[in-house]
Amino acid sequence: MLILLRLAEDVITFQTLPSQRRRDIQQTLTQNMDSIFSFMLAILHINVEDYRKLKEEPGHELRAKAHCRVAVATLNTLAGYIDWVTLVHITSRNCQLLEMLCLLLSEAELQLEASECLLIALSRKGKLEERKPFMLLFNDVAIQYILSAAQSADGLAICPNSSKSQAVEVVERRYIFLKRLCQVLCALGFQLCSLVGSCPEVEVPENLSKYTEALLAFTTHSSQFLKSCTVSTWASLFRHDTLSKVPVVLEMAIKYLKVSTTNLVRAGFPSRQDSPSCVYSRVDFDSDEDFNSFFCTYRSQHGDVLRTLSRIVPVEAFQTAAEWLQFQIASPVDPGDTTSRTAEGLCSLMSPSVLQWDALTVFMECVMYQIFKSLDEEKLPIDQSMELLQAVLNYETRDPLILSCVLSNISALFPFVTHRPQYLPQVLYKLFNAVTFHIDSENKAPRGRAVKNVRRHACSAIIKICRDYPQFILPCFDMFYSHVKELFSSEAMLTFLEKCSQMEALVLISNQFKDFEKQKAFLDELMAPVVTQWTSEEMTSMLWDPVKFLSFVGADKVITEQREEGDTAGPNRGQ
Numbered sequence: 001m002l003i004l005l006r007l008a009e010d011v012i013t014f015q016t017l018p019s020q021r022r023r024d025i026q027q028t029l030t031q032n033m034d035s036i037f038s039f040m041l042a043i044l045h046i047n048v049e050d051y052r053k054l055k056e057e058p059g060h061e062l063r064a065k066a067h068c069r070v071a072v073a074t075l076n077t078l079a080g081y082i083d084w085v086t087l088v089h090i091t092s093r094n095c096q097l098l099e100m101l102c103l104l105l106s107e108a109e110l111q112l113e114a115s116e117c118l119l120i121a122l123s124r125k126g127k128l129e130e131r132k133p134f135m136l137l138f139n140d141v142a143i144q145y146i147l148s149a150a151q152s153a154d155g156l157a158i159c160p161n162s163s164k165s166q167a168v169e170v171v172e173r174r175y176i177f178l179k180r181l182c183q184v185l186c187a188l189g190f191q192l193c194s195l196v197g198s199c200p201e202v203e204v205p206e207n208l209s210k211y212t213e214a215l216l217a218f219t220t221h222s223s224q225f226l227k228s229c230t231v232s233t234w235a236s237l238f239r240h241d242t243l244s245k246v247p248v249v250l251e252m253a254i255k256y257l258k259v260s261t262t263n264l265v266r267a268g269f270p271s272r273q274d275s276p277s278c279v280y281s282r283v284d285f286d287s288d289e290d291f292n293s294f295f296c297t298y299r300s301q302h303g304d305v306l307r308t309l310s311r312i313v314p315v316e317a318f319q320t321a322a323e324w325l326q327f328q329i330a331s332p333v334d335p336g337d338t339t340s341r342t343a344e345g346l347c348s349l350m351s352p353s354v355l356q357w358d359a360l361t362v363f364m365e366c367v368m369y370q371i372f373k374s375l376d377e378e379k380l381p382i383d384q385s386m387e388l389l390q391a392v393l394n395y396e397t398r399d400p401l402i403l404s405c406v407l408s409n410i411s412a413l414f415p416f417v418t419h420r421p422q423y424l425p426q427v428l429y430k431l432f433n434a435v436t437f438h439i440d441s442e443n444k445a446p447r448g449r450a451v452k453n454v455r456r457h458a459c460s461a462i463i464k465i466c467r468d469y470p471q472f473i474l475p476c477f478d479m480f481y482s483h484v485k486e487l488f489s490s491e492a493m494l495t496f497l498e499k500c501s502q503m504e505a506l507v508l509i510s511n512q513f514k515d516f517e518k519q520k521a522f523l524d525e526l527m528a529p530v531v532t533q534w535t536s537e538e539m540t541s542m543l544w545d546p547v548k549f550l551s552f553v554g555a556d557k558v559i560t561e562q563r564e565e566g567d568t569a570g571p572n573r574g575q
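Quick note, the sequence shown lines up with residues 1 to 575 if you use the working numbering.
Shown next as structure tokens:
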């Protein structure tokens with residue numbers, strides 16, 4: 001076996017021989033590939049059978065181990081050939097090789113090497129006609145072995161740890177096997193999506209439910225890495241013209257929605273102990289930053305799948321979102337232990353409540369707009385969505401991180417408001433309140449980052465509504481303008497940027513006046529304070545003289561490390 005593997009490596013993998021010699025050996029190998037594969041399969045079969053018999057008999061451990069070593073060497077050699085031989089050798093005799101590899105997934109000592117061979121085989125590209133035999137892996141025996149291995153996955157890779165700091169640890173070899181098995185399922189899904197619908201004689205497999213159950217076992221696994229590996233395969237299944245209409249896949253789409261309520265929660269930081277995912281993350285990620293970067297990408301891909309699901313099962317997607325939102329509104333705020341909360345006792349980014357609200361917000365943003373777009377107007381769940389909106393508008397919190405999520409949920413539900421205009425004043429009132437949000441005595445600067453973010457978020461939400469639905473907002477223009485004037489009159493309440501955003505929103509609505517004189521009069525009034533300021537004698541003289549200008553913005557002074565208290569040019573620069 002080692003000699004056969006070395007031949008393949010010298011000729012194909014590393015190409016270390018002179019080119020003519022390499023061509024001769026490759027040609028001879030290719031001519032004899034039938035007998036080479038028959039030989040390897042026979043050796044594998046004999047040694048696996050002997051290993052299984054002897055490992056059960058007391059006193060034969062060494063002989064069993066010897067047969068196991070031969071079987072492992074044969075699997076490693078097969079891996080060196082499966083990558084490049086013609087597909088017919090892999091799929092001959094009704095995919096006997098692949099079926100045998102599936103059976104070995106239940107053998108702890110051989111499962112890793114067997115899964116690696118399967119992965120190489122199923123990752124092969126080529127003519128669709130040549131790949132059709134891969135569908136035999138959906139037969140009763142093969143898919144059952146794959147399903148059994150997948151369903152035992154969650155407890156397989158961890159064992160008790162002697163260290164007191166961590167209760168369990170990951171067994172590396174077993175965890176690598178789970179990664180390979182997950183990749184095998186994804187590769188099998190790629191072949192399925194390529195063949196069904198493209199080859200007329202390839203039908204939807206009868207055992208498709210067992211395949212999707214096996215894939216779901218990895219989607220619900222504690223390892224965040226394994227969960228992420230399945231996302232692209234689900235996306236292909238749910239987008240497939242034929243498969244996405246199959247009852248088994250539609251049923252799995254509903255299960256996937258339920259699983260998302262757990263999978264979207266940012267949990268499993270390697271430095272923490274608050275989730276079963278943490279023990280796997282310590283193997284997969286070097287730091288919390290590394291994990292965070294990975295999770296952002298994973299959640300973005302997960303969001304794409306949710307958008308697809310909202311088109312194929314919109315009613316169920318809405319129902320899941322509604323139940324989760326109602327549950328979250330009813331749940332008391334949990335800032336977590338002292339490591340999770342801020343000094344004021346408010347939530348931090350790692351507080352349990354914030355993690356839940358954050359995940360819910362992602363779900364709402366992904367599904368609501370797609371549902372609004374994909375359902376006919378008469379089928380839209382307008383009454384239910386208004387009930388949800390009312391519950392969100394009534395929800396009161398002084399926690400800036402949670403309030404930011406609440407604002408996102410209002411924005412996600414806003415498209416439905418266009419069918420119930422009577423809710424618009426309440427929405428605007430909630431957003432205006434958030435524009436001037438502060439924590440108790442913190443109304444004057446400097447404000448904390450979380451508070452600034454809420455205020456900025458509210459400003460952005462108002463601009464977005466005015467940009468996307470200006471005609472719809474137009475009847476509220478006078479109320480809107482009066483409120484903005486009121487805000488502007490109280491100097492300390494708004495920053496320059498917050499004032500600008502309110503002005504921008506008003507201008508966007510004014511574009512719907514369709515009356516030049518009226519809009520001009522409005523803009524003149526809006527701009528009057530700015531025009532007065534910029535045409536004042538002080539400003540004019542400063543702008544016409546470069547020396548005065550540099551002095552006005554403080555550019556003629558030496559900057560020291562410690563900023564002086566009396567930095568008179570600071571406000572000028574802001575202006």
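Virtual Cβ for every residue (Gly too), placed ideally from N, Cα, C.
| Query | Result |
| --- | --- |
| Where Ile158 falls, given that 16 or more other Cβ within 10 Å makes a residue buried | buried |
| Same chain, Cβ closer than 7 Å to Val362, five either side skipped, listed in chain order | Leu264, Arg299 and Gly303 |
| Bridge partners - Pro160, DSSP secondary structure assignment | Val168 |
| Which of helix, strand or coil DSSP assigns to Val231 | helix |
| Inter-residue spacing [alpha-carbon to alpha-carbon] between Leu388 and Tyr369 | 15 Å |
| Where the alpha helix (DSSP H) containing Tyr429 begins and where it ends | Leu424 to Val435 |
| At least three beta-carbon pairs within less than 8 Å, the region 455-464 to the region 515-528 | no |
| Nearest residue (CA-CA) to Cys199, options Lys258, Pro133, Ala214 and Ala253 | Pro133 |
| Contained alpha helix (DSSP H) runs [length at least 4] in the region 235-275, N- to C-terminal order | 247-263 |
| N-terminal and C-terminal residue of the alpha helix (DSSP H) that Trp544 is part of | Glu537 to Trp544 |
| Cβ contact (3+ pairs, closer than 8 Å) linking the region 175-188 and the region 245-253 | no |
| Alpha-carbon spacing of Leu105 relative to Thr308, whole angstroms | 33 Å |
| C-alpha distance - Ile329 paired with Lys520, whole-angstrom precision | 45 Å |
| Alpha carbon of Ala458 to alpha carbon of Thr397, nearest angstrom | 15 Å |
| Nearest-angstrom Cβ-Cβ length linking Leu185 and Ala214, presumed shorter than 8 Å | 6 Å |
| Residue from Ile439, Met386 and Gln422 with nearest C-alpha to Leu403 | Ile439 |
| Completely contained alpha helix (DSSP H) runs for the region 338-374, where each covers 4 or more residues | 352-374 |
| Three-state secondary structure assigned by DSSP to Val202 | coil |
| Check whether Glu537 and Val435 have beta carbons under 8 Å apart | no |
| Whether Ser223 touches Tyr280 by CB criterion (8 Å) | yes |
| Glu206 versus Ala8: straight-line alpha-carbon distance, rounded | 38 Å |
| Per-residue DSSP class, three states only, for Val196 | strand |
| Of the listed residues Leu112, Glu109, Leu119 and Trp84, nearest to Gln98 (C-alpha basis) | The question names Gln, but residue 98 in the sequence shown is Leu. Nearest of Leu112, Glu109, Leu119 and Trp84 to Leu98, Cα basis: Leu119. |
| For Trp324, three-class secondary structure by DSSP | helix |
| Option in Cys117, Phe218 and Leu474 with minimal Cα separation from Leu44 | Cys117 |
| Status (buried if at least 16 other CB within 10 Å, exposed otherwise) for Cys193 | buried |
| Sub-8 Å separation of Ala317 and Leu257 beta-carbons | yes |
| DSSP-derived helix/strand/coil call for Arg299 | helix |
| Closest Cα partner of Val48 within the set Ser35, Arg63 and Phe37 | Arg63 |
| Where Gln390 falls, given that 16 or more other Cβ within 10 Å makes a residue buried | exposed |
| Sequence-distant residues of the same chain with beta carbon closer than 6 Å to Met100, five excluded per side | none |
| Alpha helix (DSSP H) runs wholly inside the region 16-76, at least 4 long, in chain order | 19-31 and 33-55 |
| Alpha-carbon spacing of Met364 relative to Ala267, whole angstroms | 19 Å |
| Start and end residues, alpha helix (DSSP H) containing Lys557 | Unbroken run through Lys557: none, as it is neither H nor E. |
| Distance between Gln575 and Val558 (C-alpha atoms, nearest Å) | 21 Å |
| Cβ distance (whole Å) where Phe480 is taken to contact Leu428 below 8 Å | 7 Å |
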